[in-house]
Amino acid sequence: MADDVTLQIELPSGGSEVIAAEVGATTSFDCLVLNISSTQDFPDIDENGCLTLHKACKDSSYEEVHKLLIHSNDTSIFATDNDGRTPLHYACEGDDKRIVQFLILKCAGCLVSDLNEIEEVKIPNDPDVQSKVKGYINCTDTLKDTPLNIACFKGHTEIVKLLLEHGADFNVTNNKGQGCTPLASACIEGHTEIVKLLLEHGANVNITNNKARTPLGIACVQGHTEVVKLLLKHKADFNDVTDDNGNTPLSNACKPGHMEIVELLLEHGANSNVTNNKG
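Residues 1 to 279 (the UniProt record's numbering) make up the sequence shown, in order.
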């Protein structure tokens, strides 16, 4: 059951914005959105809707992010650009875990005055604060990409660990390309350690993308043998699932010639007699 959490955040202009966020373990979250179209509120906004904070996060400049936020109102961490991306989305594209951690701490209302003390600051064990943080890290952009999905695709293992620790939704599907969960995104790029993390946290191993392909099917196409081993260990289906072309994971491995994966699937009992849509 999802909970409704209402946030009231002070704006730089002196007013306030009331923001409702739905928070739940398997909910696809709407982002905590501030109206950033007013240059009175955010004078540093550019034509893409990006603030200086967005750019600093994109550039993985921890010192700049810290400088921008340490003495300022915290509302800019919720600001979305024209693509619906928060600074957290941009931070997850980079590989500096400290920026992601700092943004999460600012969302929780924590004071981080020293660049070197970030690991020592803890989020209060308060249900409202925890819900606010959970809503923030599960913000989706216009393509329904979450910070976790971005970090999984990019291969930033430590950032993935941090997001999962704070309740990131690992089964939400984006609308980018063929439509991927964080697990599918990690399988595309062969990020074995991230795949392992997601599976250990309970990610659904058989969710299909827009082409009806499972993470196993994706890993078989891409030729990521170690990822295939992990998925099979976690009971990924290899016979009763076919993609839009009628291909099973075995077929997906055969076509590009990934013979080690073919042998693995056959050893696990994959049916070699299933035909695809072309017969």
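Think of the CB as a built atom: it goes at the ideal place given N, C-alpha and C, for glycine as much as any other residue. For clarity, every value in this text was computed on a predicted model and none was experimentally measured.
Of the residues assessed, S113 falls on the exposed side of the cut-off, its CB having fewer than 16 other CB atoms within 10 angstroms. The straight-line gap separating the alpha-carbon atoms of L232 and L216 is approximately 8 Å. A direct Cα-Cα distance of roughly 22 Å separates E260 from S185. Unbroken alpha helix (DSSP H) runs of no fewer than 4 residues, entirely contained in the stretch 76-111, are found at 87-93 and 97-107, following chain order. Within the stretch 167-249, no beta strand (DSSP E) run of at least 3 residues lies entirely inside it. A residue is called buried once 16 or more other Cβ atoms fall within 10 Å of its Cβ, and L264 is buried on that count. Less than 7 Å separates the beta-carbon of C187 from that of V227. DSSP, read as helix, strand or coil, puts L163 in helix. Using a Cβ distance threshold of 7 Å, V100 and I159 count as a contacting pair. DSSP places C57 inside the alpha helix (DSSP H), whose first and last residues are T52 to K58. Its chain contains H89, C92 and E93 as the residues whose beta carbon lies nearer than 7 Å to that of I150, once the 5 sequence neighbours on both sides are disregarded; these appear in chain order.
Taking 7 Å as the cut-off, the Cβ atoms of V241 and T275 do not count as close. The Cβ atoms of L103 and S76 lie no closer than 7 Å to each other. Burial state of H71 is exposed, judged by a 10 Å Cβ sphere holding fewer than 16 other Cβ atoms. When Cβ pairs closer than 8 Å are counted between the two stretches, the stretch 139-153 is seen not to touch the stretch 107-122, the count staying below three.
Note on G135: 16 or more other CB atoms within 10 angstroms of its CB, so buried under the neighbour-count rule.
The three-state reading of DSSP puts E64 in helix, counting H, G and I together.
Judged by DSSP secondary structure, G135 falls within the alpha helix (DSSP H) whose first and last residues are P127 to I137.
Pairing T248 with I207 gives a Cβ-Cβ distance that is not under 7 Å. Apart from the 5 residues on each side of it in sequence, D244 sits with its Cβ closer than 7 Å to the Cβ of K211 and A212 in its chain, given in chain order. When the five nearest sequence neighbours on each side are left out, the beta carbons in the same chain lying within less than 7 Å of the beta carbon of L250 are those of F238, V262, L265, A270 and S272, in order along the chain. The DSSP-derived three-state label of V121 is coil.
In this structure, H224 lies near G190, with their beta-carbon atoms less than 7 Å apart.
K278 sits exposed, since fewer than 16 C-beta atoms from the chains shown fall within 10 Å of its C-beta. The beta carbons of L197 and L183 sit no closer together than 7 Å. Buried is the label assigned to K97, since at least 16 other Cβ atoms lie within 10 Å of its Cβ.
Per DSSP, I150 is one residue of the alpha helix (DSSP H) stretching across P147 to K154.
Going by DSSP, V262 is part of the alpha helix (DSSP H) stretching over M259 to E267.
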